[in-house]
Amino acid sequence: MKYSNATNYALHTMVYLTIQQGEKLAGVQELADMQRLSPTYLSKILTKLAKAGLIESTPGAKGGYRISRTKQRISFLDVINAIEGETSLFDCTIHHEGCLIENVMREAEENMKTELKSKLLVDIAKEAEAGMSKES
Numbered sequence: 239m240k241y242s243n244a245t246n247y248a249l250h251t252m253v254y255l256t257i258q259q260g261e262k263l264a265g266v267q268e269l270a271d272m273q274r275l276s277p278t279y280l281s282k283i284l285t286k287l288a289k290a291g292l293i294e295s296t297p298g299a300k301g302g303y304r305i306s307r308t309k310q311r312i313s314f315l316d317v318i319n320a321i322e323g324e325t326s327l328f329d330c331t332i333h334h335e336g337c338l339i340e341n342v343m344r345e346a347e348e349n350m351k352t353e354l355k356s357k358l359l360v361d362i363a364k365e366a367e368a369g370m371s372k373e374s
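Going by this note's numbering, the residue at position 111 of the sequence shown is 349; the numbering climbs one at a time, nothing skipped.
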């Protein structure tokens, strides 16, 4: 199982924006440069995050992105679902009632979702900030 590169970039972007919360808006160029990405590619990711209500954008020359005020406790699962969608990772190709293999896979997926839902970006941002202050 592997998440897309877009999910990787979205998670890094969201942690960065969480650290910046309350400060200036982050522009798409700044966010793209931070991850060595094309601003066009990152814009598509930011659009998905905004549609999911995780970030808000301010248009214009002094515009940019910030964490949505309505989502103070954003989980890894929130970001993953915004990018990947909420479809199941496993779909049994042999369609029969009560597939034991499908039951195992769905249970494992639910456990993973529970774990990802419990991991909050704000906690990772605090760890990152603590690491940055130790380096200074």
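Quick reminder that beta carbons are idealized off the backbone N, C-alpha and C, glycines included.
Please report the distance separating the alpha-carbon of residue 346 from that of residue 299. Here residue 346 refers to the residue found at position 108 when the sequence shown is read from its first residue. Here residue 299 refers to the residue found at position 61 when the sequence shown is read from its first residue. If you take the alpha carbons of residue 346 and residue 299, they lie about 46 Å apart.
State whether the region 282-291 contacts the region 319-328, with contact taken as three or more CB pairs (one from each stretch) at a distance under 8 Å. Yes: at least three Cβ pairs fall under 8 Å.
In this structure, does DSSP put residue 302 in helix, strand or coil? Counting from one through the sequence shown, the residue named residue 302 turns up at place 64. Strand.
Secondary structure at residue 313, three-state DSSP: helix, strand or coil? Here the question's residue 313 lines up with position 75 in the sequence shown. Here residue 313 sits in strand by DSSP.
Quick one: any contact between the region 271-280 and the region 333-340, if contact means 3 or more CB pairs under 8 Å? Fewer than three pairs of CB atoms, one per stretch, sit closer than 8 Å, so the region 271-280 makes no contact with the region 333-340.
To which residues of the same chain is residue 245 closer than 8 Å at the C-beta, ignoring the five residues directly before and after it? Indexing the sequence shown from 1 puts residue 245 at position 7. 317, 318, 321, 322, listed in sequence order.
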